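Heads up: the sequence lines are chains A and B, in that order.
First residue of the first sequence: 1142, per the working numbering; consecutive thereafter.
First residue of the second sequence: 26, per the working numbering; consecutive thereafter.
Glycine residues also receive a C-beta, built at the ideal position from the N, C-alpha and C atoms.
Values in this document were obtained by computation on a predicted structure and should not be read as measured data.
Below: one structure, written as C-alpha cells.
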Amino acid sequence: MTAEAPPAVAVDKSQDSAPRTGVRAWLSRHPLAAYAIRRFGLYLVELWGALTIAFFFFRLMPGDPVQTLIQTLQQNYVYNAQASTELIARYRHEFGLDGNLLTQYLVYMQKLILHGDLGPSLINYPTPAQTVILRSLPWTIGLLGISAVMAWIFGVIIGAIAGWRRGKLGSAIATNLSIALSHVPYFFVALILVYVFAYSMGLLPARSAYDSNINPGISFAFIGSVLKYGLLPGLSIVIIGTFSWILSTRMLMIPILGEDYLVYAEAKGLKNSRILTRYALRNCYLPQITAFGISLGFIFNGNVLVEQLFNYPGLGTTLVTAIQQLDFNTILGVTDIAIFSVLTAVLLLDLLLPLLDPRVKYWK
Amino acid sequence: MRLLTAVLRTIRNSRRLATGLIVLAVLILVALFSPLIVKAIGGGQDPIELAAYDKWQVPSPQHLLGTDQFGRDVLAMVVKALSVSLQIGAIAGVISTVAGVIVAFVAGYKGGWIDNVLSTFTGILLVIPTFPLLIALSAYAKNVSLFQVGVMISIFSWPFAAKTIRSQVLSLRTRPYVDLARVSKARDIEIIVTELLPNLLPFIGVGFASSALGAIFGLVGLEIIGLGPGGVIDLGQIIFNAIGTGALTLGAWPMFVVPIALLTLLFAALNMVNIGLEEVYNPRLRGVAGE
C-alpha cells in the first residue's frame, strides 16, 4: 500500500452501482484515497479561510484607500486638477472598491479565482498586481526554497548525530550553540555577513540579485552572477535554520535511543552507522517533514527582512515597496501568494508522507 | 511557600533553566534601573537629548560606546532601548498568553465542533506568513503607542501559546482527578481553575516565553524597515539607525554590534528557559536530555 499513488481527488460517483454504500465501500477499500480527499478538503477550507481573513484584515483597516490612491497618482503623474466625482468613481471601480464590503469581497474572490486577477497595482500603475508579483516570485522561491531545504537537510543530519552521540563534546557544543542561536532573527546574521564579507573584505556583493552589467538569460555568466549575489542572503537563512533544526531533531532522536529495536539491532551485530541511518534516523526525520511545512510561513516572515536588507528583487522587497506607497492590491496580492504557496507546500508534504512512512495509515 | 520551594528545586535541577533565568533577571534589572543608569551616564544632563555631545565620537572613557549622528550617548540609548524591548515582550507576552490560555481551555476542554473550529483557525494563523499583515497594520496605524504595538503584535503571536497549551489540556482532561471533580459536581470553571491551571503552569510559562520572544522579534523587524512606534527607541531602532546612517563606515561599530549582541543574549536566555522548562516537565525528555 505504500507504493500506491493517491488517485484523483474527485470520486466519480457514476461508476458506483449502488450509490451511497458504493462510495463508502470504495473509500474503505482505498484508505489512502480517502485520506487524500479529506486532506484536500481541509486544504480548500484553510485556503478559503486564510484568504478571507487577509481580505477583511486589509479592508477593515482605517483610512480611505481611494484618497491615498488619487493622491499618489497625482504626485506620480503631475495630475494637479481636483479629482472629479466621476474619476473617483472610475478608480473605485477599477480597484474593486465600489459597493459594500460584501460585494467587494465577492468581486475580489471571483476575479481572483476565475481570472487570477489581483487588480491594478499602484507602485507600477497600471500594471496588474499579479504581473508585478510574478516578476519577483521566482527570486523568492529560488532563494528561500533552496536555502530552507539546505538548512533542513543539514539540521536533521547534524541533529541526529548530536542526539546519537550525546554526552560527547562535539554534541554538547552543537546543542548549546543551537540553543543560543536558533531563535536569532535571520537578518542579524545577514547584517554580520554583510559587514564581514561585503564591507570589510569586499569579497561578495551586498545588494541586488545579479550583476547589472550582465544581461539576464540562460548563460554561465548570468547564472554564476546570480549564485554569487545569492550567497550571502542564502547563507544567513541556512545558518540560523540549521541551528533550529538541529535542536528539534535532537529532541526527537533522544527518546528513540531507548527503543527495543535499537538494542536488538545492536545485538544482531549491525554496524553503528547502519543502525543510525537505517533505524534511528528514519524514525526522526519523518515528523520533521511535517514540521518543515509548518515552518515555511515563519521562514517567509524572516525572509522579508533579509530581502529588504540585500535589496533582493523578491516578494519581500516588493511587499515593503508596496507598503511604503500604501498599494492595497499589491500588499494583499503578496500576502495571498505567500498564503497559497505555504498552504500548498504543506498539502504536498502531507500527501507525500504516507508514501515515505509505511506506518501512517490514514483511515478513521 | 510550598510552591516556592518546588520552584527552587526545579531550577536547581536544570542548569539550563537556571542559566536562562539568571541572564533574564540581570537584563530585567538593568531595564528596571535604566532611568538611574541613564542619569548616571549623563551626570546632570540628559545624555539622550539631541546634540547633547559632539556627533560620531568613537568609544572613549567618557562615552564607552561613542555617540550617534545626533550626538547622543550610545550606551545610554542602549540601556533605555533594552527596557523598551523588554516592555514590548512583556506586554505582548501577557496578552497573547492570556488569549492563548482562554482559547486553549475552551477548545481543549469543551471539545467537539468548538474545538474543531478553534483549532482550524489557530492552525491557519500558525501556518500562514503573518508578517505582511503586521507590517501593513503598522504602516496604516501611524503614531501608535508602545502598548498599541504590543496589542498588534499579540494578534499574531497568541496561536503559538494556544497550540502548546491545548495539547496539554487534552491530555489532562482525561485524568482521574478531573473525572473525580466532575462527578462531585464541580462547575467547569472550578475544575479549570483548581485542577487544570496549576498543572499547566510550566506550559503557560513556555507559551509566555515564546510569545515574548516572538514579540521582540516582531518589533525589531518592524523597526528594521522603519515602521516602529513613534517617540520611543528600542534596540531594533538603534540597529536601523546604524544601517541607515552607515555608522559602520564611520567607525561607530558599537551602535551596530551592541544591540545585536544584547538581543542575541535575550533570545538565548528566553530559549534556554523554554527548553529548560520543557526538559523538566516532559517525561520523555527527562533524564536523557541532560548533558
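Name the DSSP bridge partner or partners of THR92(B)? ASP98(B)
Of all the residues that make up the stretch 238-255 of chain B, which are near chain A by a beta-carbon distance shorter than 7 angstroms? LEU238, PHE242, VAL245, GLY246, ILE249 and ILE250
Roughly how many angstroms lie between the CA atoms of THR122(B) and GLN112(B), to the nearest whole one? 15 angstroms
Would you check if there are 3 or more beta carbon pairs closer than 8 angstroms linking the stretch 254-263 of chain B to the stretch 131-148 of chain B? no
Sorted by chain position, which residues of the same chain lie with C-beta nearer than 6 angstroms to LEU247(B)'s C-beta, five sequence neighbours on each side aside? SER163 and GLY253
Taking only three categories from DSSP, how would you classify PRO1261(A)? strand
Out of ILE229(B), THR219(B) and ILE116(B), which one is the CA nearest neighbour of GLY243(B)? ILE116(B)
Does PRO1269(A) come out as helix, strand or coil in the three-state DSSP assignment? strand
Distance cutoff 9 angstroms, beta carbons only. Does LEU1344(A) sit that close to anything in chain B? no
Take LEU143(B) as the anchor and find which of TRP183(B), GLY118(B), VAL109(B) and LEU158(B) has the nearest alpha-carbon. TRP183(B)
Within-9 angstroms CB hit, MET1202(A) to chain B: yes
Can you list the alpha helix (DSSP H) stretches of 4 or more residues lying completely in the stretch 96-177 of chain B, in chain order? 99-130, 137-152 and 156-165
Residue span of the alpha helix (DSSP H) that contains ASN1442(A), given as start and end: 1422-1451
Is there a Cβ from chain A that is less than 9 angstroms from the Cβ of ARG41(B)? yes
Rounded separation between TYR1246(A) and ILE1229(A) - CA only: 20 angstroms
With distances taken from CA atoms, which of VAL1290(A), ARG1307(A), ARG1179(A) and TRP1293(A) is nearest ILE1395(A)? ARG1307(A)
Listed in chain order, which residues of the stretch 1446-1469 of chain A have Cβ atoms closer than 8 angstroms to some Cβ of chain B? LEU1446, GLN1449, LEU1450, LEU1460, VAL1461, ILE1464, GLN1465 and LEU1467
Near ARG1262(A), which residues of its chain fall below 7 angstroms by C-beta distance, leaving aside the five closest residues on each side in sequence? A small fix is needed here, since residue 1262(A) is Ser in this sequence, not Arg. Once the five neighbours on either side are set aside, the close Cβ partners of SER1262(A) are THR1268, PRO1269, ALA1270, VAL1273, ASP1468, ASN1470 and THR1471.
List in chain order: all unbroken alpha helix (DSSP H) runs of 4+ residues lying wholly within the stretch 41-90 of chain B. 59-67
Extent of the continuous alpha helix (DSSP H) to which PRO284(B) belongs: 279-306
If you measure from the beta carbon of ILE139(B) to each beta carbon in chain A, is any gap under 9 angstroms? no
Determine whether the beta carbon atoms of ALA1421(A) and ILE1440(A) lie at a separation below 9 angstroms. no
Check GLU248(B) in the structure and name its three-state DSSP category. helix
Check for me: the alpha helix (DSSP H) holding MET1392(A) runs from which residue to which? 1361-1397
I need the straight-line Cα distance from PHE156(B) to SER108(B), nearest angstrom please. 24 angstroms
ARG40(B), buried or exposed, once every other Cβ within 10 Å from all chains shown has been counted against 16: exposed
Under 6 angstroms Cβ to Cβ from LEU1488(A), same chain only, skipping five residues before and after it: list those, please. TYR1184
So which residues on chain B does PHE1198(A) lean against when the C-beta distance must stay under 7 angstroms? LEU158
Give me the chain A residues within the contact set of ASN296(B), using Cβ-Cβ distance strictly less than 7 angstroms, ordered along the chain. ILE1320, SER1323 and HIS1324
May I ask you to report which of helix, strand or coil DSSP gives THR30(B)? helix
How many angstroms separate the CA atom of ALA43(B) from the CA atom of THR30(B)? 15 angstroms
In terms of residue numbering, what span does the alpha helix (DSSP H) encompassing ALA1315(A) cover? 1310-1322
Using only alpha-carbon positions, find the residue among PHE1361(A), ILE1294(A), ARG1276(A) and GLY1382(A) that is nearest to ALA1321(A). GLY1382(A)
Measure the C-alpha to C-alpha separation of SER1288(A) and LEU1376(A) and round it to an integer number of angstroms. 7 angstroms
Which whole-angstrom value is the C-beta distance of GLY1446(A) and ILE250(B), which I expect to be below 8 angstroms? The question names Gly, but residue 1446(A) is Leu in the sequence shown. That belief holds up - the Cβ atoms of LEU1446(A) and ILE250(B) are roughly 7 angstroms apart, short of 8 angstroms.
Three or more C-beta pairs under 8 angstroms: does that hold for the stretch 286-299 of chain B against the stretch 221-240 of chain B? yes
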